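*Asks:* Please find one structure pasted underneath; my questions will follow.
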């Protein structure tokens, strides 16, 4: 215990220092010079009902925001949008590859699978458009996530309805929590802007609305998956843990590269 | 001495070139981006740039520029990278100038590859007044100490071309397109330094040829990928039709 804290005490300042070695060896892990940092993986399991609802979100004013967002805020949006696109890419692929094995055995699930897929496809194109518009680069792991998500969807699809639903449940829990965390961060900005008397701007308002809508749809999928027997999957605990930690890892990586 | 103090203050919050290379960030449409150079800095450097045709990319041009802008010779010490700061100023301002007069590229009906060609040509033509000195600049750009900055600037330029041309790729082709375009542009720039033809028509032809080759390679890679995908899908479907449980 003591050794661990002693090591940490040496390691932390070393990271913060701007030495050429750190710059070279730890290119993007050592960006801790900024005053304010947002948690790398922003998740929140708090109920959407308890989130603040700043009044300016509903205002109809078309005034533009004058002050640029801070560097930390821009960085946050940059990685948030990148992660969201990667997440929706994975979701569309998972549903695509699950659909055939599942509907072959359970034709009554066809409308549900189609509904979930088409919503994910809609989210994916929304985030693609945002990436183009805001000049955010897609994740460099794009081919890796494509392969991983296709495999995951296919394997859980072959394992049967319960496993597929358990996969949906695990993925949507992570993604829903992730969106929830993002919405909370954005709402805290809006509140901060309100307190300072700044214009929030159409762009930010739209972004919060979109994220809220998408989060609600993801959580809807979660409920549907649980309703279809996700908890009855055979090694439920194992599947759930495995997929959720995979999602967390993928989110962490996509935020960086 | 009177001038050097405010000059120093104005230079302090300058571009991100000298400190850490700034990362690409979320681009907002609601407000203007802050200018890349502080006013004093940009006054000295733009004046210095006008002396490049006679003095080259050298400290002499920088000193002349500082004099023109009304500062003492010693104020050139505020540019620790010396002549390279003129090169960098030229690259950054010309890259940003592309966005200012890119009206024709905004209509999407226009072909994207045609837009890229137009933009790359416009950028190349911006080198015209100093082309006989550009090899000095290339030497400075490839100095190991400046290489990270120049590569970064090249990447940003390539990104600017594709963004302004209306490119909509957000898959892994985002990376390959940018890398390919950067290589093509850099080679065209090098070609231009030895181009003796009237109005650089040969450079234009060179660029057009390289871009066409790039398109061909892209099409080939895309075609092979699509073919492999079709074969894999067909194999899986064939096995399924035989009753194999996959």
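Chains as they are written, first to last, in the UniProt record's numbering: chain A, 1 to 257; chain B, 1 to 246.
We put the CB at the ideal spot given by N, CA and C, even for glycine.
Source: prediction; values computed, not measured.
Listed in chain order, which residues of the stretch 25-43 of chain B have Cβ atoms closer than 9 Å to some Cβ of chain A?
*Replies:* 25, 26, 27, 28, 29, 30, 31, 32, 33 and 34
*Asks:* Let me confirm a value: residue 73 of chain A is counted as buried when at least 16 other C-beta atoms fall within 10 Å, else exposed. Which label applies?
*Replies:* Position 73 of the first chain, counted from the start, is the residue given in the question as residue 73 of chain A. Residue 73 of chain A should be labelled buried.
*Asks:* In or out: residue 29 of chain B buried (at least 16 other Cβ within 10 Å) or exposed?
*Replies:* As a working note, residue 29 of chain B is residue 29 in the second chain. Looking at its Cβ environment, which holds fewer than 16 other Cβ atoms inside 10 Å, residue 29 of chain B is exposed.
*Asks:* Would you identify the three-state DSSP class for residue 163 of chain A, choosing helix, strand or coil?
*Replies:* Within the first chain, the letter at position 163 stands for residue 163 of chain A. DSSP places residue 163 of chain A in helix when its eight states are reduced to three.
*Asks:* Report the three-state DSSP secondary structure of residue 67 of chain A (helix, strand or coil).
*Replies:* By one-based count along the first chain, residue 67 of chain A stands at place 67. Of the three classes helix, strand and coil, the one that applies to residue 67 of chain A here is coil, per DSSP.
*Asks:* Where residue 83 of chain B and residue 57 of chain B are concerned, what is the direct C-alpha to C-alpha distance, given to the nearest angstrom?
*Replies:* To locate residue 83 of chain B, count along the second chain from 1; it is residue 83. To locate residue 57 of chain B, count along the second chain from 1; it is residue 57. Between residue 83 of chain B and residue 57 of chain B, the C-alpha separation is close to 6 Å.
*Asks:* Inspect the beta-carbon positions of residue 200 of chain A and residue 57 of chain A and report whether they are closer than 9 Å.
*Replies:* As a working mapping, residue 200 of chain A is identified with position 200 in the first chain. As a working mapping, residue 57 of chain A is identified with position 57 in the first chain. For residue 200 of chain A and residue 57 of chain A, yes; Cβs fall inside 9 Å.
*Asks:* Considering just the uninterrupted stretch of the alpha helix (DSSP H) at residue 125 of chain A, what are its terminal residues?
*Replies:* Reading the first chain from its first residue, position 125 is the one you call residue 125 of chain A. Where residue 125 of chain A is concerned, the enclosing alpha helix (DSSP H) stretches over 110-133.
*Asks:* Could you compute how far the alpha carbon of residue 161 of chain B sits from the alpha carbon of residue 105 of chain A?
*Replies:* Here residue 161 of chain B corresponds to residue number 161 of the second chain, with the count starting at 1. Here residue 105 of chain A corresponds to residue number 105 of the first chain, with the count starting at 1. Straight-line Cα distance between these residues: approximately 50 Å.
*Asks:* Rounded to whole angstroms, what's the CA-CA distance from residue 168 of chain B to residue 132 of chain A? Just pull it up for me.
*Replies:* Residue numbering aside, residue 168 of chain B sits at position 168 when the second chain is read from its first letter. Residue numbering aside, residue 132 of chain A sits at position 132 when the first chain is read from its first letter. Approximately 6 Å, taken between the alpha carbons.
*Asks:* Contact criterion: CB-CB distance below 9 Å. Does residue 253 of chain A meet it with respect to chain B?
*Replies:* The sequence position of residue 253 of chain A within the first chain is 253, counting from 1. Cβ-Cβ to chain B under 9 Å: no for residue 253 of chain A.
*Asks:* Using the beta-carbon count (16 or more within 10 Å), is residue 162 of chain A buried or exposed?
*Replies:* Working through the first chain from its first residue, we reach residue 162 of chain A at position 162. So residue 162 of chain A counts as buried.
*Asks:* Alpha carbons only, please: which of A:217, A:130, A:147 and A:232 is nearest the one belonging to residue 165 of chain A?
*Replies:* Sequence index remark: in the first chain, residue 165 of chain A carries index 165 (1-based). It is A:232 whose Cα lies nearest to the Cα of residue 165 of chain A.
*Asks:* Run the CB neighbour count on residue 235 of chain B, radius 10 Å, all protein chains shown included, and call it buried at 16 or more, exposed below.
*Replies:* Within the second chain, the letter at position 235 stands for residue 235 of chain B. Exposed: under 16 other Cβ atoms inside 10 Å.
*Asks:* If residue 172 of chain A and residue 221 of chain A are in contact, beta carbons under 8 Å, what's the gap, nearest whole angstrom?
*Replies:* Locating residue 172 of chain A in the first chain gives position 172, counting from the first residue. Locating residue 221 of chain A in the first chain gives position 221, counting from the first residue. Contact flag correct, Cβ pair sits at about 5 Å.
*Asks:* Show which residues of chain B have a CB atom less than 9 Å away from the CB atom of residue 68 of chain A.
*Replies:* Against the first chain, residue 68 of chain A aligns to sequence position 68. Under the 9 Å cutoff, chain B gives 28, 30, 31, 32, 33 and 34.
*Asks:* For residue 232 of chain B, report the span of its alpha helix (DSSP H) as first-last.
*Replies:* One-based indexing of the second chain puts residue 232 of chain B at position 232. Taken as a continuous stretch (DSSP letters only), the alpha helix (DSSP H) holding residue 232 of chain B covers 201-241.
*Asks:* Please list, in chain order, all residues of the same chain as residue 98 of chain B whose beta carbon is under 8 Å from its beta carbon, the five residues on each side excluded.
*Replies:* Here residue 98 of chain B refers to the residue found at position 98 when the second chain is read from its first residue. Within the same chain, residue 98 of chain B has close Cβ partners 119, 122, 123, 160, 161 and 164.
*Asks:* Are the stretch 59-66 of chain B and the stretch 39-50 of chain B touching, with three or more C-beta to C-beta distances below 8 Å?
*Replies:* Touching, yes, given that three or more Cβ pairs across the two stretches are closer than 8 Å.
*Asks:* Counting only the same chain and skipping the five closest in sequence on each side, list residues whose C-beta sits under 7 Å from that of residue 254 of chain A.
*Replies:* Here residue 254 of chain A is taken as the residue at index 254 of the first chain, counted from 1. Contacts found: 82, 83, 86, 139 and 141.
*Asks:* Below 7 Å on C-beta distance, what does residue 128 of chain A contact in chain B?
*Replies:* Counting from one through the first chain, the residue named residue 128 of chain A turns up at place 128. Under the 7 Å cutoff, chain B gives 170.
*Asks:* Using a Cβ-Cβ cutoff of less than 8 Å, which residues in the same chain neighbour residue 246 of chain B once the five nearest sequence positions on both sides are dropped?
*Replies:* Translated into positions along the second chain, residue 246 of chain B becomes position 246. Cβ neighbours of residue 246 of chain B beyond the five flanking positions: 236, 239 and 240.
*Asks:* Measuring alpha carbon to alpha carbon, tell me which of B:35, B:220, B:156 and B:51 ends up nearest residue 185 of chain B.
*Replies:* Reading the second chain from its first residue, position 185 is the one you call residue 185 of chain B. Out of B:35, B:220, B:156 and B:51, B:156 has the C-alpha closest to the C-alpha of residue 185 of chain B.
*Asks:* Taking the beta carbon of residue 94 of chain A as the centre, do at least 16 other beta carbons fall within 10 Å, making it buried, or is it exposed?
*Replies:* Counted from its first residue, the first chain places residue 94 of chain A at position 94. Residue 94 of chain A comes out buried.
*Asks:* Can you say whether residue 156 of chain A is buried or exposed, counting buried as having 16 or more other CB atoms within 10 angstroms of its CB?
*Replies:* Position 156 of the first chain, counted from the first residue, corresponds to residue 156 of chain A. Buried, because 16 or more other Cβ atoms sit within 10 Å of the Cβ of residue 156 of chain A.
*Asks:* Using C-beta distances below 7 Å, list every residue in its chain close to residue 97 of chain A, excluding the 5 sequence neighbours before and after it, in chain order.
*Replies:* By one-based count along the first chain, residue 97 of chain A stands at place 97. Excluding positions up to five away in sequence, the list reads 150, 153, 154 and 157.
*Asks:* Helix, strand or coil: how does DSSP classify residue 42 of chain A here?
*Replies:* Start at 1 with the first residue of the first chain, and residue 42 of chain A comes out as number 42. If DSSP states are grouped into helix, strand and coil, residue 42 of chain A belongs with coil.
*Asks:* One question on the structure: do residue 132 of chain B and residue 140 of chain B come within less than 9 Å of each other, judged by their Cβ atoms?
*Replies:* What you label residue 132 of chain B is simply residue 132 of the second chain in a count that begins at 1. What you label residue 140 of chain B is simply residue 140 of the second chain in a count that begins at 1. No. Outside cutoff.
*Asks:* Look at the Cβ atom of residue 78 of chain A, then the Cβ atom of residue 91 of chain B, and state whether they are nearer than 9 Å.
*Replies:* As a first step, residue 78 of chain A is located in the first chain; it is residue number 78 there, counting from the start. As a first step, residue 91 of chain B is located in the second chain; it is residue number 91 there, counting from the start. For the pair residue 78 of chain A and residue 91 of chain B, the CB atoms are not nearer than the 9 Å cut-off.
*Asks:* Let me confirm a value: residue 51 of chain B is counted as buried when at least 16 other C-beta atoms fall within 10 Å, else exposed. Which label applies?
*Replies:* Translated into positions along the second chain, residue 51 of chain B becomes position 51. By the 16-neighbour rule on beta-carbons within 10 angstroms, residue 51 of chain B is buried.
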